[in-house]
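Data block below; observations after.
Chains as they are written, first to last, in our numbering: chain A, 1 to 309; chain B, 1 to 309; chain C, 1 to 309; chain D, 1 to 309.
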């Protein structure tokens, strides 16, 4: 389906949630994850099995990790001789991370993306200064995202280990997956779309980044708006990489979903263990908790999303 | 109640969980938080109200924060002219933190504390090198801590805003609080003890650190072992600060609870909003999720614990 | 001598070097330190005694160091077991610093200060984005500052260990010092003004920052312009701290000297050893080398200025 | 010339300077750079031309820079609205670096290398803990290295742009270069050996690291000891990379020169501009100043060596 600049511009306007929750709103689609929906998601817990959906914090440079996280020891087991507190032996450390890298499981705040100089709800990009974001920071999610998670496992649907990096998931595939897995994506859900990237990376290593990355076809944007998801996530970055870009729309999912719809994105989620657990539990929905750190002015945060069945 | 070095040494031995879950175990008391208990905690959710129990990540130096977290912008709204990806406008940042500071809500891994050169389960301190912890790292909690949280609100019990910094909470007070709040701490619970420190700090500022800090009396250590809590937390650091120390036992709670019992600690938890919510919901137990980052070899992690009522 | 906003504004205009070395110049008064002057300074070396003029890189928080430098070991002597290169045993580390703190010996680049939105030579402040300075960065000094250093030791002149923090050094004192020490400040010199702050801090600790800091009286600005110094430095920050500020002129020396004159500043230089060496060598001029790191877009750099007699 | 493990072990013993300057010495061969030699080097200055011998601080990942330096703005030109000091407009930044990378011009401290668990002068490796080096840190060079630099330009001698990466510079070549350039390396000199790597990297990019790197043949070790150089440097790392290693002697130059001889090494020096200046000035010796930061416990430091002709 051919899509040009005009199509993107009209789509961006069509899916806009600006003003929907008030002119000063900074939570965007998180407003759809009401307390009732959180309670309903908790009520769905059966076995109590918990699954981490995060990659290990990558501290080593790789083709998909040019800016590794830092991890330094401040005090290790070798420092008892330097002990400032006699008789108190401890080890402590420091870590630092630029969370938006392709190797880090992270959440994107609504200040992460601008289109034509504006963020979600029409806030000017200049509200993000070198002192941080004055508006739309990750603090909008500081009280925690706790709701129903739904995994649409496209490789399982296709009977493959992972999708071809050129593949763009269509609306038809999302709905086919819903039918096959017996789940329907609805308002306030956290939708996770598995492309098999995590498994592929494990099998063939970080060099695969050079071969592109599967993602959602741009046609899914209006569908996501119709379903009113609260959060969208993927083991990739939801946007496909490596296809031809449309001028001004280098990452249409990021641009339309974050900026127009006010939907927080979860990037580089590790879905290998989760997909296996879904098969074993024979359910593709679960209680999902994402708890970003309270980073004032932050553009996002590394997170460790935890699913409970 | 007078307590000397001998008392601590015999107590340390008495509460030891070394070997209880096998010679190679690194999860310690997290083994008590079974899937059944996680499911039961989720089943207890009623209103779906979520409460964050973390302090804002402190990036400014203060008497209780000599090593502030770092937060730097990599790309702000002023960089569209420097845009490497034409038409894609974004803001990104970096943060770094030495999590064990007194101003950071964090979890202590079982490698954080050594007594006489040994960690939990008898692992040698030298297993923590300048490359990180080879054993007992925070990865033991990587799949997430999701269970029943219980708040024992001692200032409320005493009818004060916050406890005197010299105060040491006794077993009698913990049990009085249980009775008054209609909750009983049991195996696999995440026990949070409110001392009012967060409220005090808000009222009088970070300088209060110089005046000491309320904590648990050392007599509580065997009680915690008897109740078999999975995790212990406080708005302070569980240990009281400012009293007279016993040689070799500068922080008896840390030393006995982490090292002997294998209980992860939550330090500097913000309990102001949680305590208010408990009163409004008239319940002092809730579903609590703590999801440390997957920091290989880490001695702990900043976290944003999320309670759901 | 009373000085109001008008006086500062006219002085700022009077001492301006904008355009003096061309409209695109970024070196400012470094242009005055010609190769001939460098050679003359080297020819002045007699005994070959070298003196470091830097403070130790402060990694501990203090009243004058709210943002300590970081120093972390990557590999220490405890890591031979983790050795990636068999038989090759090494130790390595990481350090990081926000150089403009009051505890760091550093050089200020010409992009460090703006007045009314403009830097030296009329460059717009917006040329410094969150990606760094596109103009007037520390790279202007990347080839090294190597010339004649002159120390004007005011405490010695006054017969005191250190100046009162409220003291503002006058033109008369500078010229008195020249006469007493037998040296005349001239074009292309690196002028170092000793206020005794380093000695005072060593005697009474970092808390002295709360009591103010001696500096140059604003009347010295035109004098510095007349003498055509290449660089100005002090054991303080050249500006006095703690006096009453004139609206819009919080740091007149920084604002007039860096922004109008294009003179790089050396702040928090350790002059204790240098002052002693000058007495022993009975000379108050020497070869001084300052070699900032090649930090693209940098606003300054920590340095270790080295004097040779 | 075949060299086995025995040869290295006997060479290591033969060139040892342990004890030469006393059992507690930490300066090693820097003791050879006396004040007289510093004065003589300054007296050799003619034109006053200064040349920086450092690479730009590399903040971007590359095959030879897996751990890039960090450079973050704290305040940029966009923050005047957030100004804590009314009327004072400034830009400030932070940088951090793990200096021993292959892309950073740095000096190696004598605690950087251990052989069989010992550093220079027989100090135990365990003196370097996760708190830093208690002995042999970079502070040994804190007063600055200021002496005669000598460039032996091997590519120029061979009439090539750069040496083949498999090339190992021999004693014969060093002495041929001395004769051709009219300079003799002597006690207390800072010897810089040009292999053309900097020029090669500029021509073909950082990927060349995969093809190896020219360096000094191990036979040069005794020669360096006989000439009594104070410091050794190269545009590579003095050791060749990519040849077959002898068990236990992965980097013989580093191991013998730093550990046995107590000679500080300068790695990844940018010699392109210096080599050109030498030709234009028709001299291959100059005043060289290297001023490491005063990093307590540091294993080395990034530096910007400055040559003056």
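Glycine residues also receive a C-beta, built at the ideal position from the N, C-alpha and C atoms. All values reported here derive from a predicted model rather than from experimental measurement.
Considering only their Cβ atoms, is the gap separating residue j from residue i smaller than 9 Å?
i                      : j                      : result
residue 297 of chain B : residue 132 of chain B : yes
residue 198 of chain D : residue 78 of chain A  : no
residue 135 of chain C : residue 99 of chain C  : no
residue 178 of chain D : residue 169 of chain D : no
residue 67 of chain B  : residue 19 of chain B  : no
residue 242 of chain B : residue 211 of chain B : yes
residue 196 of chain B : residue 235 of chain B : yes
residue 295 of chain B : residue 57 of chain A  : yes
residue 96 of chain B  : residue 97 of chain A  : yes
residue 264 of chain B : residue 141 of chain B : yes
residue 121 of chain D : residue 17 of chain D  : yes
residue 64 of chain B  : residue 209 of chain B : yes
residue 224 of chain B : residue 15 of chain B  : yes
To which residues of the same chain is residue i closer than 8 Å at the C-beta, ignoring the five residues directly before and after it?
i                      : result
residue 303 of chain D : 54, 105, 106, 107, 266, 290, 291, 292
residue 5 of chain D   : 246, 247, 248, 249
residue 127 of chain D : 111, 119, 133, 134, 135, 136
Less than 8 Å between the CB atoms is what I'm expecting for residue i and residue j, so what's the real figure, rounded?
i                      : j                      : result
residue 190 of chain C : residue 148 of chain C : 7 Å
residue 89 of chain C  : residue 183 of chain D : Wrong, their Cβ atoms sit about 35 Å apart, outside the cutoff.
residue 151 of chain C : residue 275 of chain C : 7 Å
residue 36 of chain B  : residue 48 of chain A  : 6 Å
residue 233 of chain B : residue 269 of chain B : 5 Å
residue 113 of chain D : residue 259 of chain D : 5 Å
residue 228 of chain B : residue 194 of chain B : In fact, because the Cβ distance is near 21 Å, the residues do not count as touching under 8 Å.
residue 11 of chain B  : residue 222 of chain B : 6 Å
residue 310 of chain B : residue 252 of chain B : The question about residue 310 of chain B has no answer, for chain B in this structure spans 1 to 309.
Got a sec? Which residues, its chain only, sit under 6 Å from residue i by beta carbon, not counting five neighbours each side?
i                      : result
residue 45 of chain C  : 287, 308
residue 117 of chain A : 125
residue 281 of chain B : 309
residue 137 of chain D : 109, 111, 297, 298
Flag residue i as yes if its beta-carbon sits less than 9 Å from any beta-carbon of chain A, otherwise no.
i                      : result
residue 131 of chain D : yes
residue 79 of chain D  : yes
residue 121 of chain B : no
Which same chain residues end up closer than 7 Å to residue i when comparing Cβ atoms and leaving out the 5 residues on each side of it in sequence?
i                      : result
residue 3 of chain D   : 218, 246
residue 33 of chain B  : 145, 147, 188, 230
residue 93 of chain B  : 71, 72, 73, 74
residue 165 of chain C : 211, 212, 213, 214, 242
residue 176 of chain A : 157
Indicate whether at least one CB of chain C lies closer than 9 Å to the CB of residue i.
i                      : result
residue 139 of chain B : no
residue 113 of chain B : no
residue 296 of chain D : yes
Of all Cβ atoms in chain B, is any one closer than 9 Å to the Cβ of residue i?
i                      : result
residue 70 of chain D  : yes
residue 126 of chain A : yes
residue 76 of chain C  : yes
residue 73 of chain C  : yes
residue 11 of chain A  : no
| Where the segment 47-66 of chain A meets chain D: residues whose CB sits under 8 Å from a CB there | 60, 61, 66
Q. Going along the chain, which residues of the segment 270-294 of chain B sit with their C-beta nearer than 7 Å to a C-beta in chain A?
A. 287, 289, 291, 292, 293, 294
### Query
Taking Cβ-Cβ distances below 7 Å as the criterion, which residues of the segment 173-196 of chain B are in contact with chain C?
Residues are counted here when their Cβ sits less than 7 Å from a Cβ of chain C; for the segment 173-196 of chain B the count is zero.
Next on the checklist: Under 8 Å, CB to CB, which of the residues in the segment 81-105 of chain B have a partner in chain D?
Outcome noted: 94
(request) Check distances from the C-beta atoms of the segment 142-163 of chain B to those of chain A and list, in chain order, the residues that come in under 7 Å. (result) 142, 143, 144, 146
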